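Enquirer: First the structure, which I've put down as structure tokens, then a few questions once you've had a look.
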């Protein structure tokens, strides 16, 4: 194809330009590329009524959105897109069309002039200018992370370890047009037991993975992190779970056995990759959201968008399965609340009458949504959900007295004599923080 | 200009936003190629020599041959330097 417009540019501008990696992702959940303006801090507060949130929600789902009138408003949108993990998704939507699982490429009329810079379009032009390199950066990261993950899954499979991938990574490969559009900084993996997770980590240690110092116990943490400085110079992080949620109130709502029985493949990622069926993925997304209410970020748009796409991909039988599970497990109100918020913000379409049926269902005492508003209440919810006095005592002990190994690692001293003083120091530095730890979960 | 090149096995590529992103697993950088660079990359991957790449570009773009030759040579040199490609065995 002859393109006269290109005749003057030669190919000089086309030559490869090296883009140095800074720290794109750290093993820490909060550490994202320092050079990007689209950083989010975690936890943070998300307001679904904020104009920027509303604009993003409507734009990402192809509904008319009133054009912002000032640079400040455009800047707000850019920042909120970053906070909500939807920057690449926004770029894709503006360049192509809104995505849904069943209706990709529906008519889309944003009524914005994104092509000609000028006083009225300075905002959108800047928006695109910022979003494009971010998207390219994410695509580059995805290349390395996918390569790494394939290698890991194959290594585990060679040792008869077949975990189930959760949340962002498998959803990115199965529901989104491109995996990097589902922004994430780690991959969540569920194992059948803590022992299997440890065995899997031991295999990763041979590949250079490390295990950071973290609180652990039978009741307060059901995951650990494995990370290494991975391919291309960026960190690669895995969250290794053996229960589906860190909050005890939710941890046993769904067992590994039932998830495994309905697990589905993720062929776009790897022949070895498998994940949750759509009904279970939606159920877990609802629970994950509830566990984040106390942090104020339960309505982070990328999580709601997962639910929006899952809902659009589910058939009648899958919706029936979802409803039965939600009712049987006493999760009706938590699911109703999640679906209702996603419906009001992103236009999720649920079967007729579902929300009403979920609302009228009996709710398990452990999952009272009104108890999820503060970390203290979540801890109380966790405490109440533990059966037996000895279990409750164990929970308290794990909250108040982490293992000696953890204390030595945290304070850099390795002496049994100093251990009591280390506990005193820990209490002094923040009892509330200690008690809130089990109420948080990763994404 | 008659040499052929192999792509380093450590290099992964992906097209995105009309560009090609190259990630060198052995290094700490990624590379971006615009549309024309992407075309050169595709031709090199197909096993074309520099001369064959220029021949193809001459058909596809309205640019002087000496400009194309210089630019293709410069890109190949840069890619060799970065270890993205190497002379075919």
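Protein chains in written order, with our numbering: chain A, 1 to 443; chain B, 1 to 89.
From the three backbone atoms N, C-alpha and C, an ideal C-beta is built for every residue, glycine too.
Bear in mind the structure is a predicted one, so any value in this text is a computation, not a measurement.
By the DSSP assignment, the beta strand (DSSP E) with residue 344 of chain A in it spans what residues?
Expert: Element bounds for residue 344 of chain A: not the beta strand (DSSP E) but the alpha helix (DSSP H), 332–346.
Enquirer: Since I believe residue 209 of chain A is in contact with residue 194 of chain A (beta carbons under 8 Å), could you give me their beta-carbon distance rounded to a whole number of angstroms?
Expert: With 8 Å as the limit, residue 194 of chain A and residue 209 of chain A do not qualify as a contact, their Cβ atoms being about 17 Å apart.
Enquirer: So is residue 324 of chain A buried or exposed if we call it buried at 16+ other beta carbons inside 10 Å?
Expert: Its Cβ having fewer than 16 others within 10 Å, residue 324 of chain A is exposed.
Enquirer: Using a Cβ-Cβ cut-off of 8 Å (strictly less than) and excluding sequence neighbours within five positions of residue 86 of chain B, which residues of its own chain qualify?
Expert: Contacts found: 5, 6, 8, 80.
Enquirer: Counting only beta-carbon separations shorter than 8 Å, does residue 147 of chain A have a partner in chain B?
Expert: Yes, because at least one Cβ of chain B sits closer than 8 Å to the Cβ of residue 147 of chain A.
Enquirer: List, in order along the chain, the chain A residues whose C-beta lies closer than 8 Å to that of residue 14 of chain B?
Expert: Chain A residues near residue 14 of chain B: 139, 140, 142, 143.
Enquirer: May I ask which residues mark the beginning and end of the beta strand (DSSP E) holding residue 328 of chain A?
Expert: No beta strand (DSSP E) contains residue 328 of chain A, which is instead part of the alpha helix (DSSP H) from 316–328.
Enquirer: Look at the Cβ atom of residue 266 of chain A, then the Cβ atom of residue 174 of chain A, and state whether they are nearer than 8 Å.
Expert: Yes, the pair counts as a contact, with Cβ atoms nearer than the cut-off.
Enquirer: Grab me the residues of residue 58 of chain A's own chain with a C-beta within less than 8 Å of its C-beta, minus the 5 sequence neighbours each way, in chain order.
Expert: Only 64, 65 meet the Cβ criterion.
Enquirer: Determine the contact status of residue 250 of chain A and residue 312 of chain A, defining contact as a CB-CB distance below 8 Å.
Expert: No; because the gap between Cβ atoms is not below 8 Å, this pair is not in contact.
Enquirer: Relative to the C-alpha of residue 428 of chain A, which residue among A/400, A/288, A/404, A/413 is closest?
Expert: It is A/400 whose Cα lies nearest to the Cα of residue 428 of chain A.
Enquirer: Below 8 Å CB to CB, which residues in the same chain sit around residue 84 of chain B once its five sequence neighbours on both sides are set aside?
Expert: The residues are 7, 8, 11, 22, 24, 31.
Enquirer: Check distances from the C-beta atoms of the stretch 47–61 of chain B to those of chain A and list, in chain order, the residues that come in under 9 Å.
Expert: Flagged, chain order: 57, 59, 60, 61.
Enquirer: Please confirm if residue 21 of chain A has its CB atom under 8 Å from at least one CB of chain B.
Expert: Note that residue 21 of chain A has pLDDT 28, beneath the 50 cutoff, so the model's placement of it is unreliable and no number is given.
Enquirer: Given residue 279 of chain A, which residues of its chain have a CB within under 6 Å of its CB, disregarding the five upstream and five downstream residues?
Expert: Answer for residue 279 of chain A: 318, 321, 322, listed in chain order.
Enquirer: Thinking just about the alpha-carbon of each residue, which of A/276, A/76, A/305, A/275 is nearest to the one in residue 289 of chain A?
Expert: Of the candidates A/276, A/76, A/305, A/275, the one whose C-alpha sits nearest the C-alpha of residue 289 of chain A is A/305.
Enquirer: Residue 135 of chain A versus chain B: which residues are under 8 Å apart at the beta carbon?
Expert: Near residue 135 of chain A (Cβ distances below 8 Å), the residues of chain B are 16, 17.
Enquirer: Under the DSSP definition of a beta bridge, which residues are partnered with residue 173 of chain B?
Expert: No statement about residue 173 of chain B is possible, as the shown extent of chain B runs from 1 to 89 and does not include it.
Enquirer: The beta strand (DSSP E) with residue 5 of chain B in it runs from where to where?
Expert: Looking at the DSSP string, the run of the beta strand (DSSP E) that includes residue 5 of chain B is 5–7.
Enquirer: Going by DSSP, what residue range makes up the beta strand (DSSP E) through residue 48 of chain A?
Expert: Taken as a continuous stretch (DSSP letters only), residue 48 of chain A belongs to no beta strand (DSSP E), as it is neither H nor E.
Enquirer: Ends of the alpha helix (DSSP H) at residue 32 of chain B?
Expert: Counting along the chain, residue 32 of chain B falls outside any alpha helix (DSSP H), though it belongs to the beta strand (DSSP E) covering 29–33.
Enquirer: Could you work out which residue in B/16, B/1, B/2, B/3 is closest to residue 131 of chain A when comparing CA atoms only?
Expert: Ranking the options by Cα distance to residue 131 of chain A, first place goes to B/16.
Enquirer: So is residue 51 of chain B buried or exposed if we call it buried at 16+ other beta carbons inside 10 Å?
Expert: By the 10 Å Cβ count, residue 51 of chain B comes out exposed.
Enquirer: Measure the C-alpha to C-alpha separation of residue 89 of chain A and residue 126 of chain A and round it to an integer number of angstroms.
Expert: About 16 Å.
Enquirer: Mapping DSSP to helix, strand and coil, what is residue 135 of chain A?
Expert: It is helical.
Enquirer: Which bits of chain B does residue 274 of chain A rub up against, with CB to CB less than 9 Å?
Expert: Ordered by position in chain B, no residue passes the 9 Å Cβ test against residue 274 of chain A, which lies about 23 Å from the chain.
Enquirer: Taking CB distances under 8 Å as the criterion, tell me whether residue 132 of chain A reaches chain B.
Expert: Cβ-Cβ to chain B under 8 Å: yes for residue 132 of chain A.
Enquirer: Rounded to whole angstroms, what is the Cα-Cα separation between residue 164 of chain A and residue 310 of chain A?
Expert: Going by the C-alpha atoms only, they are around 17 Å apart.
Enquirer: Going by beta carbon distance, what residues of the same chain come within less than 6 Å of residue 204 of chain A, once the five residues before and after it are set aside?
Expert: Only 226 meet the Cβ criterion.
Enquirer: Are the CB atoms of residue 153 of chain A and residue 446 of chain A within a distance shorter than 8 Å?
Expert: Only positions 1 to 443 of chain A appear in the structure, and residue 446 of chain A is not among them; the question remains open.
Enquirer: Would you kindly work out how many angstroms separate the C-alpha atoms of residue 385 of chain A and residue 346 of chain A, rounded to a whole number?
Expert: So the alpha carbons of these two residues sit roughly 33 Å apart.
Enquirer: Along the stretch 23–35 of chain B, where does the CB come closer than 8 Å to a CB of chain A? Name the residues.
Expert: So the list reads 23, 24, 25, 27, 28, 29, 30, 31, 32, 33, 34, 35, given in the order they occur along the chain.
Enquirer: Quick check: the Cα distance between residue 181 of chain A and residue 302 of chain A, rounded to an integer number of angstroms?
Expert: Between residue 181 of chain A and residue 302 of chain A, the C-alpha separation is close to 10 Å.
Enquirer: Measuring only the C-alpha atoms, how far is residue 283 of chain A from residue 247 of chain A?
Expert: So the two alpha carbons sit approximately 15 Å from each other.
Enquirer: DSSP on residue 239 of chain A, reduced to helix/strand/coil?
Expert: In the structure shown, residue 239 of chain A sits in a strand (DSSP, three-state: E or B).
Enquirer: Rounded to whole angstroms, what's the CA-CA distance from residue 36 of chain B to residue 129 of chain A? Just pull it up for me.
Expert: Distance between the alpha carbons of residue 36 of chain B and residue 129 of chain A: 20 Å.
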